[in-house]
Amino acid sequence: MNRKIGFGLALFVLCGVFATWQPVVEVSAKEPVVVVIDPGHGGAAEPGAKAFGGYVEKDLTLQTALAMKQTLEKFEGVTVYLTRSQDEVLSSEQRVAIADDSRADFLFSLHYNAIETHHLYGSEVWTSAFGEYYAAGQTFGRLQLAEMAGKGQLIRGTKVHMSEQGSDYYSLIRGARNERIPCVIIEHCFIDNAIDRQLIDSPQKVSALGISDALAVAKYFHLKSPSLGLDYSDYTYVEVEAPEEGIFFPDCTPPEKVQLQIVNADRQTGQVDIRLSAEDAESGILYYSYSLDGGRSWSALVPWSVPGKEMDFSVCVPADSWPLICCRAYNGYDGWTQSNAQAPWILSVEERSSP
Ligand SMILES: [Zn+2]
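Mapping to my numbering: the sequence shown position 92 is 95, numbers consecutive.
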């Protein structure tokens, strides 16, 4: 990014038999940051995720990318390229090649999530698991997720995914690292979940996500934009360090401990007050769900309010029923552990034997 150009001015000083050449001027020139934005998927063969309501990932990523590019180009000292600007199929190798040919300082791949069970929601950023590429991705990822949190979005974290062979799982991240380009995959939200769909239910909102991405990039590279009235030259943020052993491993284990305690139960009204504690040292606790029938059916996922703290919540059960309550706590990698089950009240022998 930075290149120091030294200019030499030849001075011949006649001093006896010596002629000396001395550099007398040094000029520092700053090359523009090169950002490559990759709208994920594309073409008839690679639509990406689809969801009820006409949401198609390849269209959302392109629209987000165009807004991101347009916003970033209002900043000084940055050159922006797209891997695709229309609906076309590109392999991850082609996407990396475009970034490499552009001499990219960073490759940002934009995506939208979905899952068969439709139960997840929130934003996440995937990075390389290796050294300085991990550090760059995780540092940027935190800036991007802070933008998403500002929109009220649940933050699923900055994560790594490794293949069984021990390399980065995502071919784009793996390929970019081979070309020495830091790369992240931004999963903005789950398009198949009603909570997250509120983020993308108008074209303006989809573009707004691209603007958020652009601001995160501007902060990361300390850019300024007189036309937008934004100056991040002195913006400070936490720089994540490269892992000591060179590799950061994903969290492959479910939460260590999940404990349910019934604090109060009112059989008349059916209100049951619950305290749930859960721990996951590696990736924290993101959500919980509860079951009133001993684990046969489950509630939707509820965000865990304060990381590291117990959850206090109440459920309402039919007053004359005989519930058996248990909970599940989910960590940052969607691994879950089920709690103990507890009945809020015990039916008497007469009640049990009555028809
Ligand atoms: Zn995708």
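Positions of the beta carbon are idealized from the N, C-alpha and C atoms, including for glycine.
Original post:
What number of angstroms, rounded off, separates the C-alpha of residue 247 from the C-alpha of residue 283?
Top reply: Counting only the Cα atoms, residue 283 lies some 22 Å from residue 247.
Original post:
Looking at C-alpha atoms only, which residue of 58, 42, 147 and 175 is the closest neighbour of residue 96?
Top reply: The option with the nearest alpha carbon to residue 96 is 175.
Original post:
Taking Cβ positions, are residue 275 and residue 317 nearer each other than 8 Å?
Top reply: Yes, the pair counts as a contact, with Cβ atoms nearer than the cut-off.
Original post:
For residue 132 versus residue 39, is the C-beta distance shorter than 8 Å?
Top reply: Result no, Cβ atoms of residue 132 and residue 39 do not sit closer than 8 Å.
**OP:** Under 5 Å from any heavy atom of ligand 1, by CB: list those residues in chain order, please.
**Re:** Spelled out in chain order, the answer is 43, 51 and 114.
Subject >> Beta-carbon separation (whole angstroms), residue 263 vs residue 319, contact threshold 8 Å >> reply: Actually they do not touch by this definition, with Cβ atoms about 17 Å apart.
Original post:
What first and last residue would you give for the alpha helix (DSSP H) that runs through residue 104?
Top reply: Note, residue 104: alpha helix (DSSP H), 95-104.
**OP:** Leaving aside the five residues before and after residue 195 along the sequence, list all residues of the same chain whose C-beta is less than 6 Å from its C-beta, in chain order.
**Re:** Closer than 6 Å at the Cβ level, and outside the excluded window around residue 195, lie 54, 117 and 121.
Original post:
Which one of 332, 213, 281 and 346 has the shortest CA to CA distance from residue 76?
Top reply: Of the residues 332, 213, 281 and 346, the one whose Cα lies closest to the Cα of residue 76 is 213.
Original post:
Nearest CA to the CA of residue 192: which residue from 321, 64, 326 and 47?
Top reply: Of the candidates 321, 64, 326 and 47, the one whose C-alpha sits nearest the C-alpha of residue 192 is 64.
Subject >> Exposure label - residue 163; buried when at least 16 CB within 10 Å >> reply: Residue environment: residue 163 is assigned as buried (16 or more neighbouring CB atoms within 10 Å of its CB, all protein chains considered).
Original post:
Apart from the five residues just before and just after residue 230, which ones in its own chain have a Cβ nearer than 7 Å to its Cβ?
Top reply: Excluding positions up to five away in sequence, the list reads 77.
**OP:** Tell me whether residue 167 is buried or exposed, calling it buried when 16 or more other Cβ atoms sit within 10 Å of its Cβ.
**Re:** A residue is called buried when at least 16 other Cβ atoms come within 10 angstroms of its Cβ; residue 167 does not meet this threshold and is exposed.
**OP:** Return the chain-ordered ranges of every alpha helix (DSSP H) run that is complete within the region 135-217 and spans a minimum of 4 residues.
**Re:** As far as the region 135-217 is concerned, its whole alpha helix (DSSP H) runs of at least 4 residues are 174-181 and 197-200.
Original post:
Does DSSP put residue 282 in a helix, a strand or coil?
Top reply: Residue 282: strand per DSSP, three-state reduction.
Original post:
Which residue spans inside the region 250-324 form an unbroken beta strand (DSSP E) run of at least 3?
Top reply: The region 250-324 is shown to contain whole beta strand (DSSP E) runs of 3 or more residues at 260-268, 274-282, 288-294 and 314-319, in chain order.
Original post:
Taking the C-alpha atoms as reference points, what is the distance between residue 30 and residue 308?
Top reply: Only weak support exists for where residue 30 lies, its pLDDT of 49 falling under 50; the value from the coordinates is given anyway. Each residue's alpha carbon lies about 53 Å from the other.
Original post:
By how many angstroms is the C-alpha of residue 255 removed from the C-alpha of residue 336?
Top reply: The alpha-carbon of residue 336 is positioned some 8 Å away from that of residue 255.
**OP:** Pull up the distance between the alpha-carbon of residue 327 and that of residue 157, whole angstroms please.
**Re:** Each residue's alpha carbon lies about 29 Å from the other.
Original post:
The alpha helix (DSSP H) with residue 60 in it runs from where to where?
Top reply: Element bounds for residue 60: 60-75.
**OP:** Return the Cβ separation of residue 217 and residue 71 in integer angstroms, given the expectation that the two are a contact with Cβ distance under 8 Å.
**Re:** Their Cβ separation, rounded to whole angstroms, is 5 Å, which keeps residue 217 and residue 71 in contact under 8 Å.
Original post:
So residue 42 is in the beta strand (DSSP E); what residue range does that whole segment cover?
Top reply: Note, residue 42: beta strand (DSSP E), 36-42.
**OP:** Figure out for me which residue from 94, 291 and 80 has the closest Cα to the Cα of residue 42.
**Re:** With respect to the C-alpha of residue 42, the residue from 94, 291 and 80 having the closest C-alpha is 94.
Subject >> Selection from 66, 106 and 50 that minimises the alpha carbon distance to residue 35 >> reply: Residue 35 has its Cα closest to that of 106, out of 66, 106 and 50.
Subject >> Those residues which DSSP pairs with residue 107 across a bridge >> reply: Note: residue 107 sits in no beta bridge, so no partner.
Original post:
Does the Cβ of residue 349 have 16 or more other Cβ atoms within 10 Å, making it buried, or fewer, making it exposed?
Top reply: Label assigned to residue 349: exposed.
Original post:
How many Å lie between residue 57 and residue 146 at the Cα?
Top reply: One Cα belongs to residue 57, the other to residue 146, and the distance between them is close to 30 Å.
**OP:** Return the CA-CA distance between residue 265 and residue 90, expressed in angstroms with no decimal places.
**Re:** Within the model, the alpha-carbon separation for residue 265 versus residue 90 is close to 54 Å.
Subject >> Contact set for residue 79: own chain, Cβ-Cβ below 8 Å, skip 5 residues either direction >> reply: Closer than 8 Å at the Cβ level, and outside the excluded window around residue 79, lie 226, 227, 228 and 229.
Subject >> Residues near residue 310 by beta carbon distance below 8 Å, same chain, minus five either side >> reply: Counting only Cβ-Cβ distances below 8 Å, and skipping sequence neighbours, we find 287 and 288.
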